[in-house]
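Undergrad: Note that UniProt numbering has the sequence shown beginning at 1, numbered continuously upward. Attaching a single structure in structure tokens format; questions to follow.
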Amino acid sequence: MPRASHNTSNIATRPHIGARAPCALNIVLQIVGSRGDVQPFIALGNELQKHGHRVRIASHDVFADFVRESNLEFYPAGGDPSDLMAYMVKNPGLIPSISSLRAGDISRKQDMVEEMLDKFWLSCTEPDPVSGVPFIAEAIIANPPSFAHIHLAEALGIPLHLMFTMPYSPTQAFPHPLANIKQSNLDPNLTNYLSYGMVETLTWQGLGDIINHWRRKSLNLDPVSSTTATSMLSATEVPYTYCWSPALVAKPTDWPPHIDVCGFFFREEPRYNPPDHIAQFLQAGPPPIYIGFGSIVMDDSAKMTDTILAALQRCGARAIISRGWAKLGEGRSVENAIFIDDCPHVIHHGGAGTTACGLLNACPTFIVPFFGDQPFWGSMVAKAGAGPFPIRHKELNIDNLANAIETILAPATKTAAIRISETMRTENGVAQAVQSFHHHLPRETLTCDLIPGVVAAWQYSSKQLSKSDRKRYKNGLRLSPRALSVLSNRQKVDLTKVQLNHPKPVEIENHRWDPLTATSSAMLGSLVDFSKGFGSLVSAPVTKVRHETARRERKYAAAAALANSRRPSIESTETNADEDQTLVESNRAAPPKPGREVSTSSNAGRSAGKGASKMATSVLKGTLVDVPLALTEGLHNMPELYGDKVRKHNKVTDWKSGTAEAGKNFAYNFLDASWCLFKQPAVGAVKGGPLGLVTGLGKASVGLITKPSSAMFGLLAYPALGIYKSIVGSLSKTDKKVLEARLAHDEYFARHDPMSEHEIASVVSSFGNGK
């Protein structure tokens with residue numbers, strides 16, 4: 001494993017200069033976090049709009065006004081960021097505390113994640129909740145904690161680009177910010193690298209079941225195994241753009257080309273005139289220190305306030321203190337400090353946005369971290385000389401805070417902050433991030449073949465084209481909505497041969513290493529599915545009856561409450577009072593109607609039937625698809641264990657591709673097995689002499705067994721997988737939802753922006769006569 005270092009070259013810090021958008025896209029930005037996490041994406045969204053893109057931000061409901069005030073579309077994704085911040089302060093590490101477990105915080109956070117996964121899916125296909133204008137996502141930009149991103153990209157077959165303010169990609173240069181590694185016997189570089197896998201593993205342990213359930217229920221996708229989930233982002237080479245300044249943290253040399261570091265994201269600085277009381281405070285003495293913890297929610301804000309004020313008094317320093325979500329300084333008034341509700345952005349919590357703002361303005365910075373990436377940024381600032389090393393909020397006291405204040409007031413610290421600021425002033429992180437996004441788009445498969453510079457939403461089968469065009473468009477003719485409309489209206493295309501275009505298919509597949517573990521895993525998975533079906537068979541009818549009974553009781557109670565609300569006043573006639581009383585008593589005493597009992601029984605029967613169906617499906621799928629496929633791929637991939645290369649198979653989507661893959665797998669495996677009889681001994685002899693020859697013969701013998709075996713089992717496994725995919729695909733609500741959203745979107749914009757006669761003629765001319 002090569003050693004990593006920080007790359008300080010100018011080329012590396014300014015990636016993909018001048019990269020332009022191949023076409024205008026509908027882009028959804030999915031963000032989970034605090035206001036500081038959302039704010040950089042608002043700057044990004046506004047920059048994307050300048051390139052003609054339609055931008056929708058999907059995030060917590062409380063940020064709706066904040067986003068819409070910036071002229072961006074907003075889709076509410078649920079979740080409570082203040083609750084999330086409070087939880088993170090109580091549990092700064094990956095493993096929750098006992099108090100959080102007892103309080104039920106974990107289940108509430110899992111419910112929040114489940115809600116947000118569903119809302120993020122809707123954000124890709126639902127119309128704008130305010131204007132009602134149809135929307136269909138053609139690209140996704142997300143921060144990693146939103147979790148839905150890669151699964152939605154797989155379901156939609158569209159480009160995905162991750163952007164974040166802290167490192168999430170494995171490197172030897174520094175550990176994962178969420179991995180609290182205090183001591184290790186391993187090499188530090190190796191420890192840093194392994195910390196990323198550890199964080200991914202622990203995260204998946206907590207959320208894997210929820211995500212897999214959501215994949216099946218909402219996206220009609222197969223579940224992802226734990227081993228695959230922890231490396232799926234790096235395995236699929238999802239592009240990353242990290243929005244921090246290379247002057248503070250340069251790009252590590254072991255990061256591949258699809259990862260960029262582009263600089264901090266800043267919005268255009270608004271003109272700010274401070275209120276009179278702040279202006280008077282600023283003029284009354286030397287420049288103050290800014291102290292604030294933003295969206296952090298802490299248990300004892302009064303104690304923190306006392307510590308801050310005492311340290312300021314000891315150092316003789318002045319400060320502007322932001323109350324933030326912690327409500328610092330409630331009811332306090334002192335001469336050397338002023339408390340404000342908001343600051344147009346120092347001593348702070350170490351959020352990336354606040355850190356960037358302070359350094360951009362050449363402010364020496366002391367970070368008091370609470371959780372997440374905040375200790376990471378504190379260390380980076382200290383290593384750059386722009387402030388003291390961070391002190392966690394629980395360890396903060398009057399003495400160490402006073403010492404930290406003296407450090408940030410020192411001339412050397414100010415000089416370092418000025419040096420970083422001068423470099424940051426030359427960067428344009430938002431513009432470079434947009435160029436990075438454009439550079440990584442799949443240009444060849446994204447745009448229309450007949451109208452250049454327009455997104456291709458549809459794909460027309462190449463078999464329906466003329467012979468000359470068939471060679472040119474081997475994978476099909478890609479058409480924009482307008483192009484398809486023109487050709488359809490003139491009966492130039494057969495609409496039954498048109499399908500949605502998937503410009504960037506994402507393939508998340510469980511990698512099999514050997515036949516033993518692969519088959520065992522598949523059998524265990526089938527057993528778990530069967531057990532769930534059996535549990536549903538037993539428990540679902542009981543649960544259904546309870547729900548029906550509770551529903552009827554609520555209905556009768558509501559009827560009784562309605563009757564009571566009709567009870568006449570003292571002035572009303574006695575006759576009406578008697579009638580109402582009779583109505584109440586009849587509602588209380590009335591037994592359920594026979595029809596309703598039958599309805600409850602039938603509902604319970606249907607619930608039991610679903611359980612039985614799950615059991616039958618797990619047996620059939622496990623026997624005919626999962627186990628044979630696992631055995632086939634385990635045998636196929638086994639030579640990888642001793643360093644041999646194996647062919648990668650194409651994705652199976654239906655019975656046709658399954659049959660074709662079975663034929664290829666059969667032919668290539670027998671061919672490769674024959675070739676290995678000569679190749680492996682020869683290579684071994686050249687590299688290792690007689691011992692290498694013997695080793696090569698051993699490898700050839702293994703290949704002679706595994707490769708033909710994979711070929712034979714594949715004749716059953718791949719067609720069975722293809723048939724299963726065809727059946728599931730024909731019943732998929734996901735494809736139907738995407739198709740409906742696409743058609744509604746295309747119809748709306750065709751109606752509001754019709755094509756000119758010249759444009760129509762150009763499309764017809766470019767298409768020719770078809771077949």
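Cβ coordinates follow ideal geometry from the N, Cα and C atoms, glycine included.
Tell me whether TYR642 is buried or exposed, calling it buried when 16 or more other Cβ atoms sit within 10 Å of its Cβ.
TA: exposed
Undergrad: Can you tell me whether DSSP reads SER322 as helix, strand or coil?
TA: strand
Undergrad: Does the count of Cβ pairs from the region 157-176 and the region 134-146 closer than 8 Å reach three?
TA: yes
Undergrad: Run through DSSP, which three-state label would ALA247 get?
TA: coil
Undergrad: According to DSSP, ARG54 sits in a beta bridge with which residue or residues?
TA: ASN26
Undergrad: Who pairs with PHE74 in a beta bridge, going by DSSP?
TA: ILE57
Undergrad: What are the start and end residues of the alpha helix (DSSP H) that includes GLN374?
TA: 374-383
Undergrad: Taking just the CA atoms, how far does LEU117 sit from ILE211?
TA: Cα-Cα distance, rounded: 8 Å.
Undergrad: Beta-carbon separation of ASN46 and PHE135 under 8 Å?
TA: no
Undergrad: List the whole-angstrom C-beta distance separating THR171 from ASN185, where the pair is believed to meet the contact cut-off of C-beta under 8 Å.
TA: That belief does not hold up - the Cβ atoms of THR171 and ASN185 are roughly 20 Å apart, past 8 Å.
Undergrad: Examine the Cβ distances between the region 125-135 and the region 213-221 and report whether three or more of them are shorter than 8 Å.
TA: no
Undergrad: Once you ignore the five residues that flank SER661 on each side, which residues in its own chain have a CB closer than 7 Å to its CB?
TA: Before going further, note that residue 661 is Glu rather than Ser in the sequence given. These residues qualify, in order along the chain: HIS649, ASN650, VAL652, TYR718.
Undergrad: Any idea which residues DSSP pairs VAL199 with across the strands?
TA: The partner list for VAL199 (beta bridge, DSSP) is empty, contrary to what the question assumes.
Undergrad: Starting from residue 772 and walking both ways along the beta strand (DSSP E), at which residues does that stretch end?
TA: Because the chain here runs from 1 to 771, residue 772 falls outside it and cannot be looked at.
Undergrad: Can you list, in chain order, the residues of its chain whose CB lies under 8 Å from that of LEU72, leaving out five sequence neighbours each side?
TA: ILE42, GLY45, ASN46, GLN49, VAL55, ARG56, ILE57
Undergrad: Shortest alpha-carbon distance to HIS439 belongs to which of LEU396, ALA667, ILE259?
TA: ILE259
Undergrad: Could you check if GLU757 is buried or exposed, using at least 16 other CB atoms within 10 Å of its CB as the buried criterion?
TA: exposed
Undergrad: Do CYS315 and ILE181 have their CB atoms nearer than 8 Å?
TA: no
Undergrad: Given this structure, state the Cα-to-Cα distance separating TRP655 from MET755, to the nearest angstrom.
TA: 39 Å
Undergrad: ALA362 and PRO252: beta carbons closer than 8 Å?
TA: Against a cut-off of 8 Å, the Cβ pair of PRO252 and ALA362 comes out as no contact.
Undergrad: Quick one: using the 10 Å Cβ neighbour count with 16 as the cut-off for buried, is PHE678 buried or exposed?
TA: exposed
Undergrad: Does the region 513-523 come close enough to the region 628-637 to have 3 or more Cβ pairs within less than 8 Å?
TA: yes
Undergrad: Starting from VAL493, trace the alpha helix (DSSP H) both ways and give me its first and last residue.
TA: In the DSSP annotation of this structure, VAL493 is not part of any alpha helix (DSSP H), being labelled neither H nor E.
Undergrad: My understanding is that VAL486 touches VAL763, with C-beta atoms under 8 Å, so please give their C-beta distance in whole angstroms.
TA: 5 Å
Undergrad: State yes or no: is the C-beta of LEU484 within less than 8 Å of the C-beta of TRP458?
TA: Going by C-beta atoms, LEU484 is nearer than 8 Å to TRP458.
Undergrad: When the Cα of ILE158 is compared with those of ARG647, ILE398, SER488, ARG443, which residue comes out closest?
TA: ARG443
Undergrad: Please classify ARG68 as buried or exposed, where buried requires at least 16 neighbouring CB atoms within 10 angstroms.
TA: exposed
Undergrad: Using the Cα positions of PHE530 and GLY622, report the straight-line distance between them to the nearest angstrom.
TA: 10 Å
Undergrad: Where in the region 607-689 do unbroken runs of the alpha helix (DSSP H), each at least 4 residues long, occur, reported from the N-terminal end onward?
TA: 627-637
Undergrad: Select from TYR196, ARG267, LEU248, SER461 the residue whose C-alpha is nearest the C-alpha of LEU233.
TA: Of the listed residues, the one whose Cα sits closest to LEU233 is TYR196.
Undergrad: What three-state label does DSSP hand ILE210 in the structure shown?
TA: helix
Undergrad: By Cβ distance, which residues of its chain are closer than 6 Å to ASN510, with the 5 residues on each side in sequence left out?
TA: Contacts found: SER225, THR228.
Undergrad: Quick check: the region 734-748 against the region 113-127, are at least 3 beta-carbon pairs closer than 8 Å?
TA: yes
Undergrad: Report yes if the C-beta distance between LEU221 and ALA179 is below 8 Å; otherwise report no.
TA: no
Undergrad: With DSSP as the reference, label GLN172 as helix, strand or coil.
TA: Of the three classes helix, strand and coil, the one that applies to GLN172 here is coil, per DSSP.
Undergrad: Please classify GLU200: is it buried, with 16 or more other beta-carbons within 10 angstroms of its beta-carbon, or exposed?
TA: buried
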